[in-house]
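Undergrad: I have a structure here, written as C-alpha cells, and I will follow up with some questions on it.
In our numbering, the protein residues as written are 111 to 398.
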C-alpha cells in the first residue's frame with residue numbers, strides 16, 4: 111500500500127469530506143487519526159442519520175489502515191495542543207499528512223446563501239470562519255476561502271526548507287450526508303433551494319480523499335507546494351475517477367459554470383474540456 115507506515119490526521123472526519131479523505135488514506139495503508147467533537151456537542155446528536163467518529167475509525171481499519179478516533183474541539187486551543195502532544199508522544203514526533211478539514215457551518219451557509227451580506231447578522235462571520243478560515247455562497251464564505259488559500263501559500267514559503275508540502279485543495283460540489291439529506295427532502299416535496307441543484311451530479315466524499323492520497327504518494331509533490339488545487343484537476347493529472355466510476359464536474363469547466371448560472375442551452379454547446387484559466391499570479395506567497 112502506498113502510504114503504509116505513514117501517520118495522518120484528518121480533522122472533522124466523522125462525516126462528509128473529512129470522512130471520505132480519511133477512508134481513502136486508510137485504504138492506502140496509513141494510520142489515520144480522525145478528529146471530531148464529542149457526540150453531545152456535534153450535529154450527530156440531533157441528526158441520527160449522520161455517521162459517528164468511531165464508525166469512521168472502524169471502517170479505516172477494515173480497509174487496511176489503522177483508524178484512531180480522537181475527540182477534539184478545534185475551536186478550543188487547549189484541546190488542540192493536547193492532541194498534538196499525544197501524536198508526538200505516540201509516534202516520536204512523526205506526522206506525515208495533516209488535513210485541516212474541520213468545518214461546522216454548512217447549514218449556516220445554505221440558509222444565508224441568497225442573502226446580501228449586509229442583511230446577515232454579524233455573528234455569521236464567526237459561524238463560518240471560527241474553526242477554520244475555510245466564492246460560492248456569500249461574502250464571509252468567500253473571504254474565508256481566499257484567506258485560507260493565502261495562508262497556505264505563505265506557509266509553504268516558510269515550510270519549504272523543511273521539505274513540507276502545503277497546498278489548499280478545493281473540492282467541487284460534494285454530496286455529503288447533509289447535502290444528500292437536503293436533496294432527498296427536496297425530491298419528497300420539501301422546501302426548494304436552487305443552490306442545492308449544483309450538488310446533484312457532484313463528487314462523492316471519497317473523491318477528495320483520492321486526491322489527497324495521490325498527492326501524498328507523489329515523490330514530486332513539493333513542486334506543487336503553495337498552490338491551490340481543484341480535485342477534478344488532480345483527478346485528471348493522476349488519472350483517477352470517483353468511486354462510482356464517474357469524472358465529477360470541474361469547477362473551472364465553462365460548461366459547468368454556464369449551466370449553473372442559468373445559461374443551460376449555451377452550456378450544451380461548450381465542450382467539457384474548455385475551462386476558465388486561473389488568474390496570473392493567483393495565490394503567490396507574500397515574501398515581505
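In this text, a Cβ means the ideal position worked out from N, Cα and C, and glycines have one as well. Values in this document were obtained by computation on a predicted structure and should not be read as measured data.
When we look at the beta-carbon of residue 211 and count the other beta-carbons within 10 Å, is it buried (16 or more) or exposed?
TA: Residue 211 should be labelled buried.
Undergrad: Note down, in chain order, each residue of its chain lying with its Cβ closer than 7 Å to the Cβ of residue 377, except the 5 sequence neighbours on either side.
TA: 365, 368, 369
Undergrad: What residue range does the beta strand (DSSP E) around residue 118 cover?
TA: 117–120
Undergrad: May I ask which residues mark the beginning and end of the alpha helix (DSSP H) holding residue 323?
TA: 316–326
Undergrad: By the three-class DSSP mapping on this structure, what secondary structure does residue 146 have?
TA: strand
Undergrad: Tell me which same chain residues have a C-beta within less than 7 Å of the C-beta of residue 266, skipping the five on either side of it?
TA: 276, 335, 336, 395
Undergrad: Between the C-alpha atoms of residue 270 and residue 198, what's the straight-line distance to the nearest angstrom?
TA: Near 21 Å, if we compare the C-alpha coordinates of residue 198 and residue 270.
Undergrad: For the candidate residues 121, 329, 113, whose alpha-carbon lies nearest to that of residue 136?
TA: 113
Undergrad: Excluding sequence positions up to five away, which residues of its chain have a Cβ less than 6 Å from the Cβ of residue 382?
TA: 363, 365
Undergrad: DSSP three-state label for residue 348, please.
TA: Residue state, collapsed to three classes: helix.
Undergrad: Mind the definition here: the region 119–133 touches the region 339–348 only if three or more C-beta pairs lie below 8 Å; say whether that holds.
TA: Contact check between the region 119–133 and the region 339–348: fewer than three CB pairs, one atom from each, fall below 8 Å, which does not count as touching.
Undergrad: Determine the burial state of residue 143: buried for a count of at least 16 other Cβ atoms within 10 Å of its Cβ, exposed for fewer.
TA: buried
Undergrad: What separation, rounded to the nearest whole angstrom, lies between the Cα atoms of residue 189 and residue 179?
TA: 14 Å
Undergrad: For my contact list, residue 206 and residue 134 are in at a C-beta cut-off of 8 Å; report their separation, rounded to the angstrom.
TA: Not really, about 15 Å apart at Cβ, beyond 8 Å.
Undergrad: Pull up the CB-CB distance for residue 345 and residue 326, whole angstroms please, since I reckon it's below 8 Å.
TA: Rounded, the Cβ-Cβ distance is 15 Å, inconsistent with contact.
Undergrad: Three-state secondary structure (DSSP) at residue 166?
TA: DSSP, reduced to helix, strand and coil, places residue 166 within a helical segment of the structure shown.
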